[in-house]
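Note sheet for the following structure.
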Amino acid sequence: MDKVISQDGTAIAYDRIGQGPAMILIGAGPTDRSANAPLAELLAKDLTVYNYDRRGRGDSGDTAPYAVDREYEDIEALITAAGGSAHLYGTSGGGIIALEAAARGLAVDRLAVWEVPYILPGTRTPVPADYREQLVALLAEGRRGDMCELFLTAAVGIPAEFVAPMRDFPGWPAMEAVAHTLVYDATITGDFSLPADRLTGVTAPTLVIDGETIPWISSTAQAVADLLPDVRRATLTGQPHNVDPEAIAPALAAFFTEATA
């Protein structure tokens, strides 16, 4: 494990493995960098992979007060450590961060996103208008498990009857440990609407991928692709939102190494 120091003094932890063009993995939801570790191992055959803990997660620091700009300062610090430019891959909400990083003008060579969860009007039940406020209130009461349940039902859209048994899953305590970062993600996503004006400013070549198993999120994938000036679309038919690293790694490796071939 290595660390970089972000602009506000926060230490950001990461693992660096592999050899080849630099690529930064951006995770999502109540997870740390261990969630992307299997994918990092697969990509390390072709790329130098920087798999990091977003602030507040895992071994990274968490300087208060939180501000969305800090997420991009963290990525900028990682890009500097990677040599001044890098590819980005973001899964789910991490894809929102990857797109925004490129739109903000960070030194992004190429980026790929998996099932970015912007919500198009009429495609699914909207996230409650007070979603972030609900998370803040639950955190103040120490109800981290309820925060995770709210995220899974209101944001992800999993029926409550399926979420309740998940509290007994082995991975649930790890989710609760970083549940406070769900407030950070809610600050980033706002009402989950598609930021069309900003996305048109993403000039880096971009790969937009979905699994075609969730209709509303596949509609979003196409809407995102339609806004980008230099884009490719790919579908890994039958893959769930929790995509299999073995399924997505070849598509990512091919796209990210193509520029240097």
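Per our numbering, the sequence shown runs over residues 66 to 326.
A virtual CB, placed ideally from N, CA and C, is assigned to each residue, including glycine.
Keep in mind that this is a model prediction, so the values were computed, not measured.
Asked: Identify the continuous alpha helix (DSSP H) that holds residue 196 and give its terminal residues.; Found: 196 to 205
Asked: Would you check whether the ligand PLP has a heavy atom nearer than 7 Å to the C-beta of residue 101?; Found: Among the ligands in the structure shown, none appear at all, so the ligand PLP cannot be discussed.
Asked: Would the segment 283 to 293 and the segment 240 to 251 be scored as touching if the rule is three or more Cβ pairs under 8 Å?; Found: no
Asked: Rounded to the nearest angstrom, how far is the Cβ of residue 176 from that of residue 314, given a contact under 8 Å?; Found: Contact doesn't hold; Cβ gap of about 16 Å is too wide.
Asked: Apart from the five residues just before and just after residue 302, which ones in its own chain have a Cβ nearer than 8 Å to its Cβ?; Found: 276 and 277
Asked: How would you call residue 66, buried or exposed, if buried means at least 16 neighbouring beta carbons within 10 angstroms?; Found: exposed
Asked: Determine the extent of the beta strand (DSSP E) in which residue 88 is found, giving its start and end residues.; Found: 87 to 91
Asked: May I ask which residues mark the beginning and end of the beta strand (DSSP E) holding residue 153?; Found: 151 to 156
Asked: If I follow the unbroken alpha helix (DSSP H) through residue 265, where does it start and stop?; Found: No alpha helix (DSSP H) contains residue 265, which DSSP labels as neither H nor E.
Asked: Assuming residue 148 contacts residue 87 (C-beta within less than 8 Å), just tell me the rounded distance between them.; Found: 6 Å
Asked: Below 8 Å on the Cβ atoms is my guess for residue 272 versus residue 216; work out the distance and round it to an integer in Å.; Found: Not confirmed; about 26 Å, so no contact.
Asked: What are the start and end residues of the alpha helix (DSSP H) that includes residue 282?; Found: 280 to 292
Asked: Which ranges does the beta strand (DSSP E) cover as unbroken runs of at least 3 residues, wholly within the segment 123 to 188, from first to last along the chain?; Found: 151 to 156 and 173 to 179
Asked: Taking Cβ to Cβ, would you say residue 201 is nearer than 8 Å to residue 95?; Found: no
Asked: Taking the continuous alpha helix (DSSP H) assigned at residue 113, which residues delimit it?; Found: Where residue 113 is concerned, there is no enclosing alpha helix (DSSP H), although the beta strand (DSSP E) it sits in stretches over 113 to 117.
Asked: What residue range is occupied by the uninterrupted beta strand (DSSP E) comprising residue 67?; Found: 67 to 70
Asked: Taking Cβ positions, are residue 158 and residue 193 nearer each other than 8 Å?; Found: no
Asked: Among the candidates 210, 180 and 164, whose CA atom is the shortest distance from the CA of residue 173?; Found: 164
Asked: So if DSSP puts residue 271 in a beta bridge, which residue, or which two residues, is it bridged to?; Found: 176 and 296
Asked: Alpha helix (DSSP H) containing residue 120: first to last residue?; Found: Per DSSP, residue 120 belongs to no alpha helix (DSSP H) and is neither H nor E.
Asked: For the alpha helix (DSSP H) that residue 82 lies in, which residues bound it at each end?; Found: From DSSP, residue 82 is part of no alpha helix (DSSP H) but of the beta strand (DSSP E) over 76 to 83.
Asked: Here's a check: name, in chain order, each residue in its chain whose Cβ is nearer than 7 Å to the Cβ of residue 345, leaving out the five neighbours to either side.; Found: The requested residue 345 does not occur in the structure, where the chain is confined to residues 66 to 326.
Asked: Taking 8 Å as the threshold (C-beta atoms), are residue 166 and residue 125 in contact?; Found: no
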